[in-house]
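*Asks:*
Protein chains: 2
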Amino acid sequence: MIETGARRREIDEVASGLFHANGYAATSVRDIAKALDIQAASMYAHVSSKEDVLFSIVEAAATAFERSAAAATADVSANDPVDRLAALVEAHVEVITADPERSSVFVTEWRHLSPGRRDAIGTRRDAYEARFRSTIEDGLAIGAFHATDAALAATFLLTALNGIATWYRPDGRLSGDRIADHYVDLALRALSEDHR
Amino acid sequence: MIETGARRREIDEVASGLFHANGYAATSVRDIAKALDIQAASMYAHVSSKEDVLFSIVEAAATAFERSAAAATADVSANDPVDRLAALVEAHVEVITADPERSSVFVTEWRHLSPGRRDAIGTRRDAYEARFRSTIEDGLAIGAFHATDAALAATFLLTALNGIATWYRPDGRLSGDRIADHYVDLALRALSEDHR
DNA sequence: CGACACTCCTAACGATCGTTAGGTAGGAGG
DNA sequence: CCTCCTACCTAACGATCGTTAGGAGTGTCG
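Going down the list, the protein sequences come from chains A and B. Here the first sequence is numbered in our numbering, starting from 323 and rising by one per residue. Here the second sequence is numbered in our numbering, starting from 323 and rising by one per residue.
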């Protein structure tokens, strides 16, 4: 019985901001309620536990990353590993800059999920990371990428990308698009054999 | 009156492991005490608050990063920006892999410090990041690095490097040295004009 | 009009939090 | 032997935690 009403979405939105700013464990149900101008007990008309709120946020973020990556690589022009990696990087940056708070909660707070839910998200994270890794492996196979450890290179890239969620500010010096451009360039240069 | 006895150091060590595994806010003083086989109240014979323990860990980590970077760039051969960046990356990876728990607490939990201490650490972090940024700027000035946004490139690199603290395991597939080698390579390729 | 769903309230529950007070056992140094 | 110090103990403090129980107001739909 998952509630999807407007108030329920407001809870996720407000909680994302607080979890992002202070962390899940340091944010109380009363903090979230206060931001919504209601009593803590009233939260339980919409959610069944604090962890449910975290899961809902993390779930939505995971889905956003998956959908964005799938859409970016569905493009027929993304058959070339170099183009595909560029598309993956760009898609990842776009998801983060579109909702940095939700994204940073996804990246940093998922360990506070219950074991079952944590495992489920972990599996999806592994599959997502595998998109990057196998793209790098494909590039290595055709000689487009410089010989390296594909798994390590994927981790290098993804941690750099996820870091954006921790420092990005919508009113900052660089727009999401500019960051995406720069990060695509850095990623391709780090890996390509002749990307100049 | 900062205590520096053996027991005090044990507290930092045990607390680093717990803060790394569960986060500062989700770790209780009783958790730390239990890992030391003493009562929670007995902790206060050695520390004056839970936050003191966090600060002590973060402080030590900050000093380790600063010292390692200073030693790496003191080398006369590090006058070339490319060599200097390589030395900075290698030094950073070494500090992390030498004590990943302390490093990850430094990277992820410092926001739970009191405002004054947080600011002090923030200033030191900024200075440390400036080492990377100015090295990149120096490389740009002599044409050794591909034209890019130096501040953004430094952030890209540092977040990728700090990510190591979150996934590195001493008994993992790759040794700290191997990781350092790969990351130096990825960093120089990402930035250099002709690093092949 | 009546039923129902939605949203929020007050009050309170037991658990756990960081921390303090006050005391004791054991070893070191005079 | 006596004193001091270190390291630990039991007991408890007030605060805050996530959560439940039970009720009330409001709007919608038949």
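The beta-carbon is built from N, C-alpha and C at its ideal position, and this holds for glycine as well.
Return the CA-CA distance between residue 410 of chain A and residue 505 of chain B, expressed in angstroms with no decimal places.
*Replies:* If I take the Cα positions, the gap works out to 21 angstroms.
*Asks:* Would you mind telling me which residues of chain B sit closer than 9 angstroms to residue 505 of chain A, beta carbon to beta carbon, in chain order?
*Replies:* In chain order: 474, 478.
*Asks:* So what does DSSP say about residue 514 of chain A, is it helix, strand or coil?
*Replies:* Correct three-state label for residue 514 of chain A: strand.
*Asks:* Note down, in chain order, each residue of its chain lying with its Cβ closer than 7 angstroms to the Cβ of residue 351 of chain A, except the 5 sequence neighbours on either side.
*Replies:* Result list for residue 351 of chain A: 362, 365, 372, in chain order.
*Asks:* Taking 7 angstroms as the limit between beta carbons, can you name the residues of its chain near residue 415 of chain A, skipping five residues before and five after?
*Replies:* Taken in chain order, the residues that qualify are 483, 486, 498, 501, 502, 505.
*Asks:* Taking residue 345 of chain A as the query, report the chain B residues whose CB atoms sit under 7 angstroms from its CB, ordered along the chain.
*Replies:* Here the neighbours are 345, 347.
*Asks:* Can you check which of these residues, A:381, A:341, A:332, A:377, is closest to residue 359 of chain A by C-alpha distance?
*Replies:* Residue 359 of chain A has its Cα closest to that of A:332, out of A:381, A:341, A:332, A:377.
*Asks:* Using a Cβ cut-off of 8 angstroms, which residues of the region 372-384 of chain B contact any Cβ in chain A, in chain order?
*Replies:* So the list is empty, because no residue satisfies the distance condition.
*Asks:* Can you list, in chain order, the stretches of the alpha helix (DSSP H) that have 4 or more residues and sit fully within the region 425-484 of chain A?
*Replies:* Runs of the alpha helix (DSSP H) inside the region 425-484 of chain A: 437-463.
*Asks:* Whole angstroms is fine: what's the gap from residue 450 of chain B's alpha carbon to residue 508 of chain A's?
*Replies:* One C-alpha to the other measures close to 21 angstroms.
*Asks:* Is the Cβ of residue 334 of chain B closer than 7 angstroms to any Cβ of chain A?
*Replies:* Not one chain A Cβ lies under 7 angstroms of residue 334 of chain B.
*Asks:* Report all residues from its chain with a CB closer than 6 angstroms to the CB of residue 314 of chain A; omit the five preceding and five following residues, and keep chain order.
*Replies:* With chain A running from 323 to 518 in the structure shown, residue 314 of chain A is simply not present.
*Asks:* Please list the residues of the region 480-499 of chain B that have a C-beta atom closer than 9 angstroms to any C-beta atom in chain A, keeping them in chain order.
*Replies:* Those residues of the region 480-499 of chain B that come within reach of chain A (Cβ to Cβ, closer than 9 angstroms) are 480, 481, 482, 483, 484, 485, 486, 488, 489, 495, 496.
*Asks:* Compile a chain-ordered list of the residues in the region 432-446 of chain B whose CB is closer than 9 angstroms to at least one CB of chain A.
*Replies:* Result list: 433, 434.
*Asks:* Output the distance between the C-alpha atoms of residue 396 of chain A and residue 405 of chain A, rounded to the nearest integer angstrom.
*Replies:* Cα-Cα distance, rounded: 12 angstroms.
*Asks:* Specify the secondary structure class of residue 349 of chain A as computed by DSSP and reduced to three states.
*Replies:* Correct three-state label for residue 349 of chain A: coil.
*Asks:* Give the range of the alpha helix (DSSP H) segment to which residue 344 of chain A is assigned.
*Replies:* Residues 328-344.
*Asks:* Confirm, please, whether the CB-CB distance from residue 457 of chain B to residue 407 of chain B is below 7 angstroms.
*Replies:* Their beta carbons are under 7 angstroms apart, which means residue 407 of chain B touches residue 457 of chain B by this criterion.
*Asks:* Quick check on residue 376 of chain A: does DSSP put it in helix, strand or coil?
*Replies:* Helix.
*Asks:* What residue range does the alpha helix (DSSP H) around residue 409 of chain B cover?
*Replies:* Here the alpha helix (DSSP H) through residue 409 of chain B covers 403-420.
*Asks:* Thinking C-beta only, is residue 436 of chain B closer than 7 angstroms to residue 379 of chain B?
*Replies:* Cβ atoms of residue 379 of chain B and residue 436 of chain B: not closer than 7 angstroms.
*Asks:* Less than 7 angstroms separating the beta-carbons of residue 346 of chain B and residue 431 of chain B?
*Replies:* Their beta carbons are under 7 angstroms apart, which means residue 346 of chain B touches residue 431 of chain B by this criterion.
*Asks:* For residue 438 of chain A, is the classification buried or exposed, using 16 other Cβ atoms within 10 angstroms of its Cβ as the cut-off for buried?
*Replies:* When all chains shown are included, residue 438 of chain A counts as exposed.
*Asks:* Can you round the beta-carbon distance between residue 511 of chain B and residue 511 of chain A to whole angstroms, since I take them to be within the 8 angstroms contact cut?
*Replies:* Between residue 511 of chain A and residue 511 of chain B the Cβ distance is about 6 angstroms, and since that is below 8 angstroms, they are a contact.
*Asks:* Mind checking if residue 323 of chain A is an interface residue toward chain B, Cβ cutoff 7 angstroms exclusive?
*Replies:* At residue 323 of chain A the pLDDT is 45, less than 50, meaning the model places this residue with poor confidence; the figure from the coordinates comes in the next sentence. It does not: the Cβ of residue 323 of chain A has no partner Cβ on chain B nearer than 7 angstroms.
*Asks:* Does the Cβ of residue 390 of chain A have 16 or more other Cβ atoms within 10 Å, making it buried, or fewer, making it exposed?
*Replies:* By the 10 Å Cβ count, residue 390 of chain A comes out buried.
*Asks:* Distance cutoff 7 angstroms, beta carbons only. Does residue 342 of chain B sit that close to anything in chain A?
*Replies:* With 7 angstroms as the cut-off, residue 342 of chain B does not count as an interface residue toward chain A.
*Asks:* On a Cα-Cα basis, can you pick out the residue from B:344, B:367, B:488, B:376 that is closest to residue 440 of chain B?
*Replies:* Closest option to residue 440 of chain B, Cα to Cα, is B:376.
*Asks:* Please report how far the alpha carbon of residue 384 of chain B lies from the alpha carbon of residue 443 of chain B, in whole angstroms.
*Replies:* Taking the straight line joining both Cα atoms gives about 8 angstroms.
*Asks:* Residue 323 of chain A by DSSP, collapsed to three states: which one?
*Replies:* Here residue 323 of chain A scores only 45 on pLDDT, less than 50, and its place in the model is too uncertain to base an answer on.
*Asks:* What residues in its chain sit with their C-beta under 7 angstroms from that of residue 386 of chain B, if we drop five residues either side in the sequence?
*Replies:* Same-chain partners within the cutoff: 417.
*Asks:* Under 6 angstroms Cβ to Cβ from residue 518 of chain A, same chain only, skipping five residues before and after it: list those, please.
*Replies:* Because residue 518 of chain A sits at a pLDDT of 48, beneath the cut-off of 50, its placement in the model cannot be relied upon, and the following sentence gives the value as read from the coordinates. Nothing meets the Cβ criterion.
*Asks:* Looking only at its chain, what residues have a beta carbon closer than 7 angstroms to the beta carbon of residue 271 of chain A, apart from the 5 residues adjacent to it on each side?
*Replies:* Residue numbering for chain A in the displayed model covers 323 to 518; residue 271 of chain A lies beyond these limits and cannot be assessed.
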